Structure formats: C-alpha cells, structure tokens
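Here's the structure we're looking at; comments come further down.
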Amino acid sequence: MEEVHTVYRSQGVDIHDKHIEVIVHQMLRRITVIDSGDTDLLPGELVDQARFKAANMKAVKEGGKPAAGRPELMGITKASLATDSWLSAASFQETTRVLTEAALSQKVDDLKGLKENVIIGKLIPAGTGLARYRNAVVEPDKAIRDTIYPNFGLGGDESDAAFGDADLSEVDFSNIDFGDLKLGDDFNPDDFLDDNGGQMDLGDTL
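Numbering (my numbering), first residue to last: 605 to 810.
Right, dumping it as structure tokens:
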C-alpha cells in the first residue's frame with residue numbers, strides 16, 4: 605500500500621487508501637480451486653469468492669468436506685473481463701469476444717453493479733438507489749408535525765393530511781395563517797384548481 609502511495613505522491617497526487625483497497629479487492633476476488641471436496645466446484649476452476657464461500661457453506665451444512673483453494677492475483681484488465689456482468693466486461697475491452705461468448709452461453713446480466721446500470725440508464729444500486737430505500741416512506745418528525753399541521757387545520761395526526769388535489773374545498777382556509785396575505789370575501793378555494801381539478805402552478809401569479 606505504501607509503495608503505491610509513493611508512486612502517486614511522486615506525481616503530486618494524494619489518494620485515499622480506500623480507493624486502492626477497492627482495486628486490490630477486485631484483483632483478488634477470484635479463487636483457484638485446489639481440492640473440490642464435496643462441492644460442485646472443479647479442481648483448477650477459477651471462481652468468485654462469493655460462489656466459493658457459498659459452495660463450502662452448503663457442503664458443511666450437509667456434513668460434507670469443504671473445497672480448498674488459493675486467492676488468485678489478477679491484472680486489472682483480466683479482472684475487469686472476468687466479472688459476472690457481460691455488459692460491464694464488454695464496455696471495457698475485447699467487446700466482440702465478450703458479446704460473442706455471452707450470446708453463445710446465453711448469459712443473463714442481473715444488473716447488480718454500477719457500470720451496467722449506468723450503461724442502460726437505470727438507477728444505480730447505491731445510496732438511495734438501493735432496493736431497501738427505493739420504496740421508503742419518509743415521515744416528518746413530531747416537532748415538524750406539531751408546527752405545520754395545526755396551521756392547516758389538520759391537527760397533529762398526519763393521517764388526517766391525506767387530501768387530494770380535488771379536496772381543497774374541504775380545508776377551512778379561515779383558520780390558516782397566511783402571514784401578511786389577506787383574503788377577501790370573494791376568495792374561492794377552487795381558484796387554486798386548474799380545469800382538470802389539479803393544483804395550479806402559482807409561481808408566475810404570486
């Protein structure tokens with residue numbers, strides 16, 4: 605790690621350890637099977653660490669012998685082409701060969717990585733793009749509810765705030781604090797609705 609930093613620093617570049625660790629992890633993610641044990645792996649086969657561990661766990665649970673292997677150090681080019689995603693591999697190098705092998709093997713890309721999702725214009729599985737956050741419902745905390753909801757005559761229970769665009773007539777505007785804005789006697793809540801019953805964009809009118 606220090607030697608890599610030395611090379612970068614000699615060029616005036618300061619790089620964090622985590623970036624180097626990610627690259628090294630990708631270069632060491634494959635394992636060469638030495639003894640297949642009671643797994644379905646083959647001796648000499650180059651497999652991903654996740655598959656190797658899963659096969660061993662299955663064998664141990666069934667009372668069998670786990671496989672033995674050694675980490676394989678692969679170059680960046682070879683490691684990139686050996687990825688499970690044929691879309692990611694094809695975008696790197698040897699596109700024709702990668703696509704031909706994928707077609708002949710009828711491979712399926714599960715779109716689990718970042719690059720393949722960027723290629724097809726799909727939301728990347730990172731941060732708020734992760735599946736567990738995709739359908740998350742964000743609720744305001746109690747302090748915000750107690751401050752905002754009473755001003756709209758909705759009380760402190762957010763369940764009472766489920767008004768649709770066509771339900772503005774149900775809101776008692778006389779109890780709303782509009783600050784310096786004064787409402788005349790001819791005020792009509794329906795003035796805020798467009799022809800389709802939806803809320804109008806008041807940005808150009810206020």
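For glycine and all other residues, C-beta sits at the position ideal for the given N, C-alpha and C.
Source: prediction; values computed, not measured.
How about residue i: is its Cβ closer than 8 Å to a heavy atom in the ligand ZN?
i: ALA693; result: With respect to the ligand ZN, the structure shown offers nothing to examine, as it has no ligands at all.
By how many angstroms is the C-alpha of residue j removed from the C-alpha of residue i?
i: GLY591; j: VAL722; result: In the structure as shown, the chain starts at 605 and stops at 810, and residue 591 therefore has no counterpart that could be examined.
i: ASP714; j: ALA747; result: 43 Å
i: ALA686; j: ASN660; result: 21 Å
i: PRO647; j: ALA740; result: 45 Å
i: ARG613; j: GLN630; result: 23 Å
i: ASP697; j: PRO729; result: Sequence check: residue 697 is Gln here, not Asp. Whole-angstrom Cα-Cα distance: 24 Å.
i: LYS812; j: ASP639; result: Lying before the first or after the last residue shown, residue 812 is absent from the chain, which here runs from 605 to 810.
i: ALA671; j: GLU607; result: 34 Å
i: ALA765; j: GLY733; result: The predicted model places ALA765 with a pLDDT of 47, which falls under 50 and marks its position as unreliable; any figure quoted below should be read in that light. In a straight line, the C-alpha of ALA765 is about 28 Å away from that of GLY733.
i: VAL611; j: VAL628; result: 16 Å
i: ILE624; j: VAL617; result: 13 Å
i: TYR852; j: LYS719; result: Summary: the structure shown does not reach residue 852, with the chain confined to residues 605 through 810, and so no result is reported for it.
i: HIS609; j: ASP652; result: 28 Å
i: GLY668; j: LEU727; result: 41 Å
i: GLN655; j: GLN615; result: Here residue 655 is Arg; the residue named in the question, Gln, does not match the sequence. The straight-line gap from Cα to Cα measures roughly 39 Å.
i: ILE619; j: VAL742; result: 36 Å
i: GLU705; j: ILE724; result: 20 Å
i: ALA663; j: SER684; result: 29 Å
i: ALA658; j: LYS711; result: 21 Å
i: GLU649; j: ARG701; result: 21 Å
i: ASP621; j: ALA693; result: 25 Å
Considering only the beta carbon of each residue, do residue i and residue j sit closer than 9 Å?
i: LEU703; j: TRP690; result: yes
i: ASP642; j: GLU666; result: yes
i: LYS716; j: ASP745; result: no
With DSSP as the reference, identify every bridge partner of residue i, one or two as the case may be.
i: ASP639; result: ALA672
i: ARG633; result: Note: ARG633 sits in no beta bridge, so no partner.
Could you check whether the region 627-643 touches the region 669-687, counting it as contact only if at least three pairs of C-beta atoms, one from each stretch, sit closer than 8 Å? The region 627-643, when compared against the region 669-687, does touch it at the 8 Å Cβ threshold.
Counting only runs of 3+ residues fully inside the region 646-673, write out the beta strand (DSSP E) ranges in chain order. Correct list: 650-652.
Tell me the start and end of each unbroken alpha helix (DSSP H) in the region 680-749 that is at least 4 residues and wholly inside, in chain order. Qualifying alpha helix (DSSP H) stretches, in chain order: 680-685, 690-694, 699-708, 718-723, 735-738.
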